[in-house]
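Each residue of the sequence shown is one higher than the one before, starting from 5 at the first, in my numbering.
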Amino acid sequence: GITGKALDGLKQFTPHLKLLSCQQCKFIDDEYLIPMLPFCPSLCVLNLNNCDLVTDDFLKVVGSQLRHLELLHLAFCTSITDQGLYQFAVTVNTQTFTSIDLTC
5 GITGKALDGL KQFTPHLKLL SCQQCKFIDD EYLIPMLPFC PSLCVLNLNN CDLVTDDFLK
65 VVGSQLRHLE LLHLAFCTSI TDQGLYQFAV TVNTQTFTSI DLTC
């Protein structure tokens, strides 16, 4: 399957990226997602449904890094907790952010 190494290789092509879907990419984790965020300043939609390796550490930074984020999909992300969601909520740009999917 696709790993974080694939994301690392895409960094140079992402400044105008609006949507990134890593749904069900079981090997995508914080280690690769967090460093990629500064390379995606235009990202509006991020789908991480069923990405079990995404944790609260990611949520602590995504809200402040992606200032144009509108929609975040976190359905069935089993490593996300209330604490991570709180950290995200206090840092996300409330002028642009409109939707979150937390289906579990």
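Backbone N, C-alpha and C fix where the C-beta goes; we use that ideal spot for every residue, glycine too.
Residue i vs residue j beta-carbon contact at 8 Å
i	j	result
Ala63	Ile84	Here residue 63 turns out to be Leu, not Ala, going by the sequence shown. Result yes, Cβ atoms of Leu63 and Ile84 sit closer than 8 Å.
Gln91	Asp60	yes
Leu75	Thr102	yes
Cys108	Phe80	yes
Val66	Leu41	yes
Asn54	Gln87	no
Simplified DSSP state of residue i, which is helix, strand or coil
i	result
Ser83	coil
Ile104	strand
Val96	coil
Val58	coil
Leu50	strand
Leu78	coil
Leu24	strand
8 Å contact criterion, which residue i and residue j should meet: CB distance rounded
i	j	result
Cys44	Leu21	5 Å
Leu73	Val94	The pair is not a contact, with the Cβ atoms about 14 Å apart (cut-off 8 Å).
Check: residue i C-beta below 7 Å from any heavy atom of the ligand GDP
i	result
Leu50	Judged by which ligands are present, the structure shown has none, so any question about the ligand GDP falls away.
Spatial neighbours of residue i in its chain, beta-carbon cut-off 7 Å, leaving aside the 5 residues before and after
i	result
Gln69	Leu41, Pro42
Cys26	Ile32, Asn51, Leu52, Cys55
Residues near residue i by beta carbon distance below 6 Å, same chain, minus five either side
i	result
Ile2	Given a span of 5 to 108 for the chain in the structure shown, any question on residue 2 remains unanswerable.
Own chain, CB closer than 8 Å to residue i, minus 5 neighbours either side, in chain order
i	result
Ser46	Pro19, His20, Leu21, Lys22, His72
Is there contact here, the region 33–53 with the region 5–23, by at least three beta-carbon pairs under 8 Å? yes
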